[in-house]
DNA sequence: TGCTAATATATGATTAATCATATATAGGAC
DNA sequence: GTCCTATATATGATTAATCATATATTAGCA
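Protein chains in written order, with UniProt numbering: chain B, 1 to 188; chain R, 1 to 188.
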């Protein structure tokens with residue numbers, strides 16, 4: 001149940017509402033590490049509250065719908081600290097593209113190249129997003145030297161995200177080049 | 001529903017039983033691309049059969065429990081060919097370690113290094129498995145030059161899997177080194 | 001006036017994946 | 001004789017994630 005712990009981490013930074021989490025966090029800072037659906041966020045908040053790891057204060061607003069502001073509890077902080085120090089099994093990657101390629105021998109080269117190019121485009125877009133994120137963090141680092149420990153860790157994390165994308169892109173480009181030298185299905 | 005398509009791909013290679021899929025494929029060749037639980041395999045086979053993408057022949061065995069041997073149908077082959085040519089959205093990676101690091105500022109360096117080292121160990125083991133797999137495919141390539149198109153694609157896929165692991169390992173080693181130069185939480 | 005966008009939460013339905021367990025047969029080890 | 005392993009399939013339960021929709025308010029625009 002890692003989403004619960006992501007939310008605990010975010011609530012330890014500061015109190016937030018479900019809406020904040022969705023719009024300010026999961027669409028933003030943490031989005032490269034963990035994506036979460038709005039429905040899942042609200043349901044996870046309910047579960048965290050029922051476990052007493054967070055509490056809720058309703059903030060009445062007159063110009064807008066009321067907000068349910070969540071705060072982490074001591075029990076929640078203890079749980080988070082424990083989780084942060086626990087090793088978790090490596091997650092399984094399931095990439096449709098790799099499966100497609102694995103079974104692609106029956107397709108003509110042209111179709112394979114097309115597939116690789118579409119993937120390349122999607123990955124390039126993702127890397128661009130990721131780099132924008134990185135620069136935002138780098139800018140923060142410079143303007144606020146006191147919080148450097150946290151920011152260094154954030155940069156470390158984003159470094160991997162970026163490198164991972166770059167590895168993928170390099171591989172895709174090489175794969176596309178390789179396809180030109182691969183004898184086609186119909187040309188023995 | 002990609003598992004269904006992985007199974008279609010495997011059944012196009014040759015007819016198989018659910019048990020074959022689990023023990024010969026998902027524990028072996030395809031395991032670095034897609035993992036599947038035994039229960040999910042059998043249920044997916046039922047679903048594929050009800051969609052008429054595969055058919056089933058019961059093979060009576062006297063020394064062992066009977067086997068249900070599945071074959072791909074023409075409709076199944078058409079579906080597979082279509083799926084193989086369709087671009088799918090990039091899968092979301094959710095790596096607990098990255099989340100942990102993102103929120104790790106409150107932990108002492110020692111705890112962070114321990115976390116990284118445990119991850120390193122797990123990744124090293126995975127890379128070793130992966131390299132064994134690669135060598136097996138390379139050996140096949142040499143002994144059977146006629147099937148080279150398929151084998152070249154398989155190598156291409158395994159190349160990425162290996163490079164991805166290597167990127168991860170390099171990053172982990174660098175991260176551990178970096179931790180020694182990071183001012184600790186309790187040492188301002 | 002009606003439409004859209006932003007703010008804010010909630011719930012039903014479904015899919016995908018995992019875990020646990022049940023059943024049945026045969027062969028080999030001790 | 002009993003236990004374990006390999007072969008083989010099936011099902012119940014649960015979790016995690018996604019999709020679709022519902023509801024309610026205010027502000028701004030055409």
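Here a beta-carbon is modelled for each residue, glycine too, at the ideal position from N, C-alpha and C.
DSSP places residue 155 (chain R) in the uninterrupted alpha helix (DSSP H) bounded by 148 to 180. Chain R has a Cβ within less than 7 Å of the Cβ of residue 87 (chain B). Inter-residue distance for residue 178 (chain B) and residue 101 (chain B) is about 13 Å (C-alpha atoms, whole angstroms). In this chain, the alpha helix (DSSP H) harbouring residue 81 (chain R) covers 74 to 84. A direct Cα-Cα distance of roughly 47 Å separates residue 85 (chain B) from residue 69 (chain R). Boundaries of the beta strand (DSSP E) around residue 54 (chain R): 54 to 59. Contact check for residue 176 (chain B) against residue 99 (chain B) fails: the beta carbons are separated by 7 Å or more. The three-state secondary structure of residue 16 (chain R), taken from DSSP, is strand. The secondary-structure analysis by DSSP pairs residue 67 (chain R) across a beta bridge with R:59. Taking a C-beta distance under 7 Å as the contact criterion, residue 41 (chain B) and residue 18 (chain B) qualify as a contact pair.
Taking a C-beta distance under 7 Å as the contact criterion, residue 72 (chain R) and residue 44 (chain R) do not qualify as a contact pair.
Annotation: residue 139 (chain B) to residue 150 (chain B) spans about 14 Å, alpha carbon to alpha carbon. When rounded, the separation of the alpha-carbon atoms in residue 181 (chain B) and residue 94 (chain R) is 36 Å. Our two residues, residue 156 (chain B) and residue 185 (chain B), have alpha carbons roughly 44 Å apart in a direct line. One finds 96, 99, 100 and 103 in chain R with Cβ atoms closer than 9 Å to the Cβ of residue 5 (chain B), taken in chain order.
Contact between residue 105 (chain R) and residue 153 (chain B) is confirmed by a C-beta separation of about 6 Å, below the 8 Å threshold. A distance below 7 Å separates the beta carbons of residue 67 (chain B) and residue 59 (chain B). Cβ contact annotation for residue 16 (chain B) (same chain, cutoff 8 Å, sequence separation greater than five): 10, 24, 25, 69 and 70, in chain order. Close CB contacts of residue 165 (chain R) within its chain, under the 8 Å cut and outside five residues either way in sequence, are with 123, 126, 127 and 130 (chain order). Taking 7 Å as the CB threshold, residue 150 (chain R) lines the interface with chain B.
Residues of chain R with a Cβ closer than 8 Å to the Cβ of residue 154 (chain B) are, in chain order, 102. By the rule that beta-carbons nearer than 7 Å mark a contact, residue 175 (chain B) touches chain R.
When secondary structure is reduced to three states using DSSP, residue 96 (chain B) falls in the helix class. Taking 7 Å as the CB threshold, residue 2 (chain B) lines the interface with chain R. In the three-state DSSP reduction, residue 88 (chain R) falls in the coil class, being neither helix nor strand. Under the 10 Å beta carbon count, residue 62 (chain R) is surrounded by fewer than 16 other beta carbons and is classified as exposed. In the structure shown, residue 46 (chain B) adopts helical secondary structure according to DSSP, grouped into three states. Each residue's CA atom was taken as its position, placing residue 55 (chain B) and residue 81 (chain B) some 18 Å apart. A check of alpha carbon separations from residue 133 (chain R) across R:22, R:31 and R:13 identifies R:31 as the nearest. Contacts with chain B at 7 Å (Cβ-Cβ) do not include residue 108 (chain R). In the structure shown, the three-state DSSP call for residue 51 (chain R) is coil. By alpha-carbon distance to residue 39 (chain B), the top candidate from B:22, B:12 and B:1 is B:22. Residue state for residue 21 (chain R) is assigned as helix, using DSSP reduced to three classes.
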